[in-house]
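Have a look at the structure below before the remarks.
There are 2 protein chains.
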Amino acid sequence: MEYRFSEKLANMKPSAIREIFKSLGTPGAISFSGGNPAAESFPVKEFAEISSRIFESAPIEALQYSVTEGYPLLRQLVEQRLRERFSVGTADDTIIITSGGQQAIELTCKVLCNEGDVVIAENPSFIGALNAFRSCGAKLVGVDLESDGISIEGLEQALRANPNAKMIYLIPTFQNPAGITMSLAKRKAVYELAQKYDTVIFEDNPYGELRFAGEEVPTIKSMDTDGRVVYGGSFSKILSAGMRIGFFCANQALAAKMVVAKQVEDVHTNIMFQMMCADYLTRYDLDDHIRKIREIYRRKSGLMLESLERELPESVTFTRPEGGIFLWCTLPENSDMPALVRDAAKELVFVVPGTAFNCDPTAPSRSFRLNYSMPADEVIPKGIAILGKLIRSGL
Amino acid sequence: MEYRFSEKLANMKPSAIREIFKSLGTPGAISFSGGNPAAESFPVKEFAEISSRIFESAPIEALQYSVTEGYPLLRQLVEQRLRERFSVGTADDTIIITSGGQQAIELTCKVLCNEGDVVIAENPSFIGALNAFRSCGAKLVGVDLESDGISIEGLEQALRANPNAKMIYLIPTFQNPAGITMSLAKRKAVYELAQKYDTVIFEDNPYGELRFAGEEVPTIKSMDTDGRVVYGGSFSKILSAGMRIGFFCANQALAAKMVVAKQVEDVHTNIMFQMMCADYLTRYDLDDHIRKIREIYRRKSGLMLESLERELPESVTFTRPEGGIFLWCTLPENSDMPALVRDAAKELVFVVPGTAFNCDPTAPSRSFRLNYSMPADEVIPKGIAILGKLIRSGL
Numbered sequence: 441m442e443y444r445f446s447e448k449l450a451n452m453k454p455s456a457i458r459e460i461f462k463s464l465g466t467p468g469a470i471s472f473s474g475g476n477p478a479a480e481s482f483p484v485k486e487f488a489e490i491s492s493r494i495f496e497s498a499p500i501e502a503l504q505y506s507v508t509e510g511y512p513l514l515r516q517l518v519e520q521r522l523r524e525r526f527s528v529g530t531a532d533d534t535i536i537i538t539s540g541g542q543q544a545i546e547l548t549c550k551v552l553c554n555e556g557d558v559v560i561a562e563n564p565s566f567i568g569a570l571n572a573f574r575s576c577g578a579k580l581v582g583v584d585l586e587s588d589g590i591s592i593e594g595l596e597q598a599l600r601a602n603p604n605a606k607m608i609y610l611i612p613t614f615q616n617p618a619g620i621t622m623s624l625a626k627r628k629a630v631y632e633l634a635q636k637y638d639t640v641i642f643e644d645n646p647y648g649e650l651r652f653a654g655e656e657v658p659t660i661k662s663m664d665t666d667g668r669v670v671y672g673g674s675f676s677k678i679l680s681a682g683m684r685i686g687f688f689c690a691n692q693a694l695a696a697k698m699v700v701a702k703q704v705e706d707v708h709t710n711i712m713f714q715m716m717c718a719d720y721l722t723r724y725d726l727d728d729h730i731r732k733i734r735e736i737y738r739r740k741s742g743l744m745l746e747s748l749e750r751e752l753p754e755s756v757t758f759t760r761p762e763g764g765i766f767l768w769c770t771l772p773e774n775s776d777m778p779a780l781v782r783d784a785a786k787e788l789v790f791v792v793p794g795t796a797f798n799c800d801p802t803a804p805s806r807s808f809r810l811n812y813s814m815p816a817d818e819v820i821p822k823g824i825a826i827l828g829k830l831i832r833s834g835l
Numbered sequence: 441m442e443y444r445f446s447e448k449l450a451n452m453k454p455s456a457i458r459e460i461f462k463s464l465g466t467p468g469a470i471s472f473s474g475g476n477p478a479a480e481s482f483p484v485k486e487f488a489e490i491s492s493r494i495f496e497s498a499p500i501e502a503l504q505y506s507v508t509e510g511y512p513l514l515r516q517l518v519e520q521r522l523r524e525r526f527s528v529g530t531a532d533d534t535i536i537i538t539s540g541g542q543q544a545i546e547l548t549c550k551v552l553c554n555e556g557d558v559v560i561a562e563n564p565s566f567i568g569a570l571n572a573f574r575s576c577g578a579k580l581v582g583v584d585l586e587s588d589g590i591s592i593e594g595l596e597q598a599l600r601a602n603p604n605a606k607m608i609y610l611i612p613t614f615q616n617p618a619g620i621t622m623s624l625a626k627r628k629a630v631y632e633l634a635q636k637y638d639t640v641i642f643e644d645n646p647y648g649e650l651r652f653a654g655e656e657v658p659t660i661k662s663m664d665t666d667g668r669v670v671y672g673g674s675f676s677k678i679l680s681a682g683m684r685i686g687f688f689c690a691n692q693a694l695a696a697k698m699v700v701a702k703q704v705e706d707v708h709t710n711i712m713f714q715m716m717c718a719d720y721l722t723r724y725d726l727d728d729h730i731r732k733i734r735e736i737y738r739r740k741s742g743l744m745l746e747s748l749e750r751e752l753p754e755s756v757t758f759t760r761p762e763g764g765i766f767l768w769c770t771l772p773e774n775s776d777m778p779a780l781v782r783d784a785a786k787e788l789v790f791v792v793p794g795t796a797f798n799c800d801p802t803a804p805s806r807s808f809r810l811n812y813s814m815p816a817d818e819v820i821p822k823g824i825a826i827l828g829k830l831i832r833s834g835l
């Protein structure tokens, strides 16, 4: 039969990144394209111990249906951690466990946006979030990203032009794809604009624990006096990405609606792994574990930056992240970025074209994203050398 | 701030069942309200073995990001099982792993329905599915359920009145909430009507493996010659509900769109438990395990039916399921079902009011749903006796 797809899904394509992911099986491939944490960042031994213990002590609880909101002990431990680490959460807020950070983003948009409602995002931004907004039928309005975060002028202009915008989606810390961190002044300005135009902010912070240089900047949620910030977090980058455990902190009224929406998506998140996270947080030293991950990413980002400095012509610019897992390269004017990405793929070096992160997917880009968390140390210089050679030959 | 919720979510309430679930902690509570499998149905020892093995042999794969479509070996094993057990799947079909059976239902609606599009369902039907359709902004049209399945006359009438209906949602085998199985003749008639009105059918079959009496009836999907049936299945009732692993079998073009929609909901389903399911299917005897579960439910349904026959006045009717986990009681005309449900809850006996399963939530009902899989054997007669006493006193 001929399927009649819904308008909002009819033109959606699979994420370029997830698709690239599939071609990585090729032997010799060097991938700077994923958002995968380093394999060394998974607490394998501890998870093996925890899982044996739970199958011994509480197997039925771990395998039976549970509540949509999440495992109570885990919610409590996350609440405590967010409060202590990030000054996140008030008496009117609650923590809900989600199936990865992705789900919190999608749920927020679903409960707020009718088809055609506006969501404002940094341009470029996380493709998974942009596609989630598209799947809800929302209209995306992109605002330029500057070296210290979103353009405040651009944001005010976007809000003035779309006074009914439902939501501003931001990754203020170690932004995906650009690796940029928003300044404190801009965070305050963003919050004030959200108040002025009465809009919800989604503060996506999956990388916030991964700072390896510079000073911490307070979260926007920590300034939230009127329940307009939904703060999204995840264990993907600090414990395991494949287990799909994320969370959000939001005002109870908003969270209650998101729970209803979650209920019809997956009833609840895998309960065994929720219990495993709770047990990890209780019995092991997460901060110590995170310190080790930061060291790994300090080393890997350093390797990548050194290679970029050595291999790329000066006309190519790149960001210097203080944490997280991505950096962002921009070719000089009149460069053919898509050709570079294609040529690199032919030499089995995979990067994600900047166009994938544009709010308007038809807009051009001279940039591409590089990930340094996943590739092995020894392939980083090798892959960057190949990119450098291709860029020089194309200039 | 005052939240401006999307129209489709603004009036949605949490599922009555999931809410009842929360009050079950009360000591002495007897719950006939859940859809929980019996605790004895979980292969605890095997899962403990499998999980140690995987944390030993493939820990990184089990904790790293994976592909949206699902763990390849599990997809292959499910494909094989569906083909052999249920004659489900053609060369044009594919298997996708979902976060529980729930997600497959929601994704199908999301990729097909614009707001206001019609979904036809049996009335009563599974509340999780009805709420998923509501959350997509679909318009629900209910068709009466008869003792041998959906009314064919009613279905044709609904299709004539809504010729652009996008989807017919059915639970043909051991229906939730009614415990009824659709006859072969009706399955054929439903498929022909779907062809005539060019509509997709979602055949939800989470209980299909749980037959403990009578003869198997072929799936509607086994008759599907033109890719119009999405077949949804789940491991919730045969391995573990809390792990949230389900699947669907659908035409590749339709499945590809559903994968895009899944990607923005949760990227992929917990990969460790996908690997655990695959390992279970490879190394252990699932059919033998299912035989044991069937024996448990044969015994428990028998206990409940005996108790109902003994305790209820003859004017109360109830279904006699040949499998699955639910049966459906209907009070005589002019009975006050909601009062009975409330009074029973006061005596700590929980059942789900029939109104919860109505496509039109404002429509009345004289029925309520009973679950026999979860309560311990000894509380079944006790709980039914309390219901019987309350019903007799109310007549």
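Chains as they are written, first to last, in our numbering: chain A, 441 to 835; chain B, 441 to 835. From the three backbone atoms N, C-alpha and C, an ideal C-beta is built for every residue, glycine too. Treat the numbers as computed from the prediction; the structure is a model and nothing was measured.
For A:G589 and A:W768, believed in contact at Cβ under 8 Å, the rounded distance: No, A:W768 and A:G589 are not in contact; Cβ-Cβ is about 13 Å, not under 8 Å.
Please work out which residues of its chain come closer than 8 Å, Cβ to Cβ, to A:V699, disregarding the five sequence neighbours upstream and downstream, and give them in chain order. Spatial neighbours of A:V699 in its own chain (CB-CB distance under 8 Å, excluding positions within 5 residues in sequence) are listed in chain order as T508, E509, I536.
Looking at C-beta atoms only, is the number of pairs between the segment 653-661 of chain A and the segment 669-684 of chain A that lie closer than 8 Å three or more? The segment 653-661 of chain A makes contact with the segment 669-684 of chain A, as at least three CB pairs between them are under 8 Å.
Give a yes or no on whether the C-beta atoms belonging to A:G556 and A:G686 are separated by under 9 Å. Taking the C-beta atoms as reference points, A:G686 is found no nearer than 9 Å to A:G556.
What is the DSSP secondary structure of B:K579, counted as helix, strand or coil? Under the three-state reduction of DSSP output, B:K579 falls in the strand class.
So, is the C-beta of A:P477 closer than 9 Å to a C-beta in chain B? Yes - at least one Cβ of chain B is within 9 Å of the one on A:P477.
For A:A499, return the contacting residues in chain B, with the cut-off set at a CB-CB distance below 8 Å. With the sequence shown as reference, residue 499 of chain A is identified as Pro, and Ala is not the correct amino acid for it. Those within 8 Å of A:P499 in chain B are F482, V484, F487, A488.
Bounding residues of the alpha helix (DSSP H) (the contiguous stretch that carries B:G823): In the DSSP assignment, B:G823 falls within the unbroken alpha helix (DSSP H) covering 819-834.
Between which residues of its own chain and B:M716 is the CB-CB distance below 7 Å, once the five residues before and five after are set aside? Excluding sequence neighbours, B:M716 sits near F487, I490, S491, I494.
Determine the contact status of A:N811 and A:F758, defining contact as a CB-CB distance below 9 Å. Between A:N811 and A:F758, the gap from beta carbon to beta carbon reaches 9 Å or more.
Please tell me whether B:Y443 and A:V630 are closer than 9 Å, where the distance is taken between their beta carbons. Cβ distance not < 9 Å, so B:Y443 and A:V630 don't count as in contact.
At a CB-CB cut-off below 8 Å, which residues of chain B make contact with A:A681? Simply L503, Q504, Y505.
Write down the C-beta distance between A:Q543 and B:E496 rounded to the nearest angstrom, noting that I regard them as a contact closer than 8 Å. The pair is not a contact, with the Cβ atoms about 30 Å apart (cut-off 8 Å).
Is A:M715 helix, strand or coil by DSSP? Residue state, collapsed to three classes: helix.
Contacts that A:K572 makes with chain B (C-beta to C-beta distance below 7 Å): A small correction: the amino acid at residue 572 of chain A is Ala; Lys does not occupy that position in the sequence shown. Per Cβ cutoff of 7 Å: V704.
Delimiting residues of the alpha helix (DSSP H) encompassing A:I620: Counting along the chain, A:I620 falls outside any alpha helix (DSSP H), and DSSP gives it neither H nor E.
According to DSSP, which residues form a beta bridge with B:I537? According to DSSP, B:I537 shares a beta bridge with B:F687.
Can you tell me whether DSSP reads A:R523 as helix, strand or coil? Looking at A:R523 - three-state DSSP - the assignment turns out to be helix.
Going by the beta-carbon positions, is the gap between A:P617 and A:G794 smaller than 9 Å? For the 9 Å CB-CB criterion, A:P617 and A:G794 form a contact.
Checking the sheet assignment: what are the DSSP bridge partners for B:D644? Partner residues in the beta bridge of B:D644, as assigned by DSSP, are B:G672.
Could you tell me if A:S575 is buried or exposed, where buried requires 16 or more neighbouring beta carbons within 10 angstroms of its beta carbon? Burial is judged here by how many other beta carbons sit within 10 angstroms of a residue's own beta carbon; A:S575 has at least 16 and is buried.
Kindly list, in the order they appear in chain E, the residues whose Cβ is closer than 7 Å to that of B:V528. Protein chains in the displayed structure are A and B, and chain E is not among them.
Taking Cβ-Cβ distances shorter than 9 Å, what residues in chain A pair up with B:Q597? Contact annotation for B:Q597 against chain A: no contact, minimum CB-CB distance about 22 Å [criterion: below 9 Å].
Segments of 4+ residues assigned as alpha helix (DSSP H) that fall wholly inside the segment 723-790 of chain B: Runs found: 726-751, 777-786.
Cβ closer than 7 Å: which chain B residues qualify as neighbours of A:E555? Simply E555.
Check whether the segment 733-741 of chain A and the segment 621-630 of chain A are in contact - that is, three or more C-beta pairs closer than 8 Å. Output reads no: the segment 621-630 of chain A does not touch the segment 733-741 of chain A.
Using a beta-carbon distance cut-off of less than 7 Å, what residues from the segment 779-802 of chain B approach chain A? Correct list: empty, as no residue qualifies.
In chain order, what are the residue ranges of uninterrupted beta strand (DSSP E) at least 3 long that sit wholly in the segment 481-521 of chain A? Runs of the beta strand (DSSP E) inside the segment 481-521 of chain A: none found.
Neighbour flag for B:A701 against chain A, beta carbons, 9 Å: Closer than 9 Å to some Cβ of chain A, the Cβ of B:A701 qualifies, so yes.
CB contact check: A:Q516 to chain B, cutoff 9 Å: Not one chain B Cβ lies under 9 Å of A:Q516.
B:K606 classed as buried or exposed, judged by whether at least 16 other C-beta atoms fall within 10 angstroms: Buried.
Within the same chain, show all residues whose beta-carbon is closer than 7 Å to that of A:L745, passing over the 5 residues directly before and after it, in chain order. Closer than 7 Å at the Cβ level, and outside the excluded window around A:L745, lie R760.
Considering Cα atoms alone, identify which of B:G828, B:L788, B:K829, B:G823 is closest to B:P467. That would be B:L788, whose Cα lies nearest to the Cα of B:P467.
At a CB-CB cut-off below 8 Å, which residues of chain A make contact with B:L449? Under the 8 Å cutoff, chain A gives K550, V551, K697, V700, A701.
Cβ pair B:M712, A:M683 closer than 9 Å: A contact, by the Cβ cut-off of 9 Å.
Please identify the residue among B:S807, B:A825, B:S680 whose C-alpha is closest to the C-alpha of B:E749. Ranking the options by Cα distance to B:E749, first place goes to B:A825.
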